[in-house]
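Novice: Below: one structure in structure tokens.
Protein chains: 2
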Amino acid sequence: MEQYAIGIDIGGTTIKGAMVARTGRYRERIVVPTASARSGTELFDRILEIIASLIERKERTDDLCGVGIGTPGFVDQHGTIIGNAVNLPEWQGTNLYEPVMKRFGLRTVAANDATAMTLAEARFGAGRGVLNLVCMSLGTGIGGGIVSGGRLYQGVRGMAGEFGHVSIDPQGILCGCGQKGCVEQYASATGIVHRAQELCAAGAVEETGFVRMVRTAGEYLTAKQVYDFVNNGDPVALKVNEYVCDNLSRAIGIIISILAPDRVVLGGGVMMAGRVIIDTVLHRLPHYCLMDILKQCDIRAAELGEDAGVIGAGSLVFEGETHNG
Amino acid sequence: MEQYAIGIDIGGTTIKGAMVARTGRYRERIVVPTASARSGTELFDRILEIIASLIERKERTDDLCGVGIGTPGFVDQHGTIIGNAVNLPEWQGTNLYEPVMKRFGLRTVAANDATAMTLAEARFGAGRGVLNLVCMSLGTGIGGGIVSGGRLYQGVRGMAGEFGHVSIDPQGILCGCGQKGCVEQYASATGIVHRAQELCAAGAVEETGFVRMVRTAGEYLTAKQVYDFVNNGDPVALKVNEYVCDNLSRAIGIIISILAPDRVVLGGGVMMAGRVIIDTVLHRLPHYCLMDILKQCDIRAAELGEDAGVIGAGSLVFEGETHNG
């Protein structure tokens, strides 16, 4: 009998649900917009509906081991959301475990969404078989996760892996967290868009197709649009990429010096840009890392794409004790 | 029957040996100057002599479980020194395990010296009972170690915890490793001395007792002398301390954002300065770290003093499999 867990991935734009097997295969994928939930309670009701709907579609339930939830913010050992999940302000204080147990009799395990993505890549993706793994998710923000000796390292209250707030410049851009120079301000989708806009607003830049596109797009500019021009070799877009990847490399260099992982996996929406980010980072990293350590480490793109989060969320259930404290 | 291991701590100045019990107690401490060994072979002969001498002094040897060595540089899984141990250039390539086994029939476990110190503080010192621990050693250089879920996290080839090479400023001071802004250039004993000399050489500084002392001491200035004046409230010395601790706090903030430890322990010779470093760091840290994570973490001084290295080295033997890769 194959064992299943329900995986729920709460993103800023959508909530995803799926029935995830112990092998990492998944089916019955459900996607619901997050924005339609106006409060923490409404958001959680939406999640309970997804769980109910997934259970309903299943012929048997004796092979169902529990519910795994990947969420923005942090989760304490009792399943309560702690800290501020930036895009979901009312989410803080919500307990995820009790209501699921009460309604469905299912054990719930929750973790930060980037931790869930890390677990998926570690078990079934680009980090398969790697003992010491760092996974960095470049999305709207930047998150991450750590695997140490084959197991998730989550730190106190699951808070480890906040790679987006590694400061790479004490005089750098002010971040919403109050620090200066957080790498999230440079290499997240939001950061990339802002840096592109800034560069194109500066008068001295030559008038390329990219510059015209950025000015036309205005506030609707996306990181994908920027990287379409990077991949077409637009000289100004290439400058944006150099700047983004140089700063990203600083952060990766620091993370490598601290953790000495066998592998760093880069994932998240920004990585849909293809090889160019990895290639530029590989070129810059030797400036920002101890060479003895860097030589032992390789850098790869994530393999599981946008469903890594939901696969990882389900997989949390099969990991046993995942919290370090 | 109490079990023992021989601990060997190789420092830039001295090699220490001791008989270390599983409980962390130790006796028969031997200290030999490192400088007298002119090559890697000579250094290793010195170590073998210490081991022989410790065994000789023991009435029985059936309670002797092995030899643990803490060394500058990195050690691979076969016991060979890899990478450049800055103060011991000829040490690279030396195999530590075979000769000890051959001559004494004893199993050897070696690790980076800061990793050994971390283990000692984790088991018997300021990190006792802490699940997720970061230990930072402020000495001639800056090293460190990580405990994850109660076990040493060493990363690939034991290379994790190179906190001294966390860059806190991309435009900062050039480090011997080739990077700019490594925190070692600011908050190690060497870094503190250089920053004090620079500040006092600048003409604009008022003429305090500290400034006169620094000018008189010239190249013989030590971090201890600097901190004696800090503790006496000399205004220029206090400025040096602010600068040192501000930069140290940046690195600690980055480490905390990445690892979310329950506790950070600061040790090494520089910490002989007393409370002032911890107090200044606690004051600066909120600027350089996610508050949600910082709130869960406390910062403490190491407890075991200068013998942490030798205690930790011996304790490596009792840790079972310590390498993560």
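First to last, the sequence lines map onto chains S and U. For the first sequence, my numbering gives the first residue as 1, with consecutive numbering after it. For the second sequence, my numbering gives the first residue as 326, with consecutive numbering after it. Beta carbons are placed, not taken as given, at the ideal position from N, Cα and C, and that holds for glycine. Keep in mind it's a predicted model, so treat the numbers as computed, not measured.
Comparing alpha-carbon positions, which option in S:I81, S:V240, S:I258 and S:K58 lies nearest A202 of chain S?
Specialist: Per the Cα distances, S:V240.
Novice: Just to make sure I have the definition right: I need the residues of chain S whose C-beta is within less than 8 Å of the C-beta of C622 of chain U. Which are they?
Specialist: The contacting residues are V156.
Novice: Pull the bridge partners of F74 of chain S from the DSSP assignment, please.
Specialist: The partner list for F74 of chain S (beta bridge, DSSP) reads S:I82.
Novice: Taking R250 of chain S as the reference, which of U:C507, U:G349, U:A360 and U:L444 has the closest Cα?
Specialist: That would be U:C507, whose Cα lies nearest to the Cα of R250 of chain S.
Novice: So that I know if they touch, is there some Cβ in chain U lying closer than 8 Å to that of Q179 of chain S?
Specialist: Cβ-Cβ to chain U under 8 Å: yes for Q179 of chain S.
Novice: How many Å lie between I50 of chain S and L43 of chain S at the Cα?
Specialist: Going from the Cα of I50 of chain S to the Cα of L43 of chain S covers about 11 Å.
Novice: For S257 of chain S, which three-state DSSP category applies?
Specialist: Looking at S257 of chain S - three-state DSSP - the assignment turns out to be helix.
Novice: Inspect the beta-carbon positions of L221 of chain S and V265 of chain S and report whether they are closer than 8 Å.
Specialist: Result no, Cβ atoms of L221 of chain S and V265 of chain S do not sit closer than 8 Å.
Novice: Output the boundary residues of the beta strand (DSSP E) element that contains P333 of chain S.
Specialist: Absent from the model: residue 333 of chain S. The displayed extent of chain S is 1 to 325, so no value can be given.
Novice: Need the endpoints of the beta strand (DSSP E) that A633 of chain U sits in, please.
Specialist: Where A633 of chain U is concerned, there is no enclosing beta strand (DSSP E), although the alpha helix (DSSP H) it sits in stretches over A633 to L641.
Novice: Listing by chain order, which chain S residues have their CB less than 8 Å from the CB of D617 of chain U?
Specialist: Residues of chain S passing the Cβ test: F74, I82, G83, N84 and M159.
Novice: Expressed to the nearest angstrom, what Euclidean distance is found between the alpha-carbon atoms of E207 of chain S and M213 of chain S?
Specialist: Taking the straight line from one Cα to the other gives about 10 Å.
Novice: What would DSSP say about T465 of chain U, mapped onto helix, strand or coil?
Specialist: Three-state DSSP puts T465 of chain U in coil, outside helix and strand.
Novice: Since D617 of chain U and G83 of chain S should fall inside the 8 Å C-beta cutoff, what is the C-beta to C-beta distance between them, to a whole number of angstroms?
Specialist: Their Cβ separation, rounded to whole angstroms, is 4 Å, which keeps D617 of chain U and G83 of chain S in contact under 8 Å.
Novice: Quick one: Cα of D228 of chain S to Cα of A273 of chain S, how far?
Specialist: Cα to Cα, D228 of chain S sits roughly 7 Å from A273 of chain S.
Novice: When the Cα of M442 of chain U is compared with those of U:T605, U:T419, U:R609 and U:I394, which residue comes out closest?
Specialist: Ranking U:T605, U:T419, U:R609 and U:I394 by Cα distance to M442 of chain U puts U:I394 first.
Novice: Would you say A585 of chain U faces chain S, with C-beta separation under 8 Å as the test?
Specialist: Chain S, which has a Cβ nearer than 8 Å to the Cβ of A585 of chain U, makes this yes.
Novice: Closer than 7 Å by beta-carbon distance: list the chain S residues that pair up with H490 of chain U, in chain order.
Specialist: Those are S257 and L290, listed as they occur along chain S.
Novice: For Q522 of chain U, collect the residues of the same chain with a Cβ closer than 7 Å to its Cβ; drop the 5 residues on either side in sequence, then sort them by chain order.
Specialist: Same-chain partners within the cutoff: V539 and L546.
Novice: So which residues on chain U does P235 of chain S lean against when the C-beta distance must stay under 8 Å?
Specialist: Simply none; closest approach about 24 Å.
Novice: When burial is assigned at 16 or more other CB atoms within 10 Å of the CB, is R57 of chain S buried or exposed?
Specialist: So R57 of chain S ends up on the exposed side.
Novice: Name, please, each residue of chain U whose Cβ falls closer than 9 Å to the Cβ of D169 of chain S.
Specialist: Simply D494, P495 and Q496.
Novice: So, with DSSP's three-state summary, where would you put N132 of chain S?
Specialist: Note: N132 of chain S maps to coil in three-state DSSP.
Novice: Compute the beta-carbon to beta-carbon distance between A120 of chain S and S315 of chain S, rounded to the nearest angstrom, for a pair I have assumed lies under 8 Å.
Specialist: The pair is a contact, with the Cβ atoms about 6 Å apart (cut-off 8 Å).
Novice: A439 of chain U: which of U:T515, U:G468, U:T419 and U:R476 sits nearest, CA to CA?
Specialist: Per the Cα distances, U:G468.
Novice: Does the beta-carbon distance from G158 of chain S to F74 of chain S come in below 8 Å?
Specialist: It is a contact, given that the beta carbons lie within the stated cut-off.
Novice: Take G24 of chain S and list the residues in its own chain whose beta-carbon comes closer than 8 Å to its own, dropping the five residues that flank it on each side.
Specialist: Same-chain partners within the cutoff: A120, R123, F124, I311 and S315.
Novice: Give a yes or no on whether 8 Å exceeds the smallest Cβ distance from R575 of chain U to chain S.
Specialist: True, the Cβ-Cβ gap to chain S drops below 8 Å.
Novice: Can you list the residues of chain S that I335 of chain U reaches, using a CB-CB cut of under 9 Å?
Specialist: Those do not exist, as I335 of chain U stays about 18 Å from chain S at its closest Cβ, beyond 9 Å.
Novice: Based on Cα-Cα distance, which residue from U:R354, U:G365 and U:C390 lies nearest to V642 of chain U?
Specialist: Answer by Cα proximity: U:C390.
Novice: DSSP three-state call for G268 of chain S: helix, strand or coil?
Specialist: Coil.
Novice: Mind pulling the chain S residues with CB within less than 7 Å of I579 of chain U?
Specialist: The contacting residues are V166, S167 and I254.
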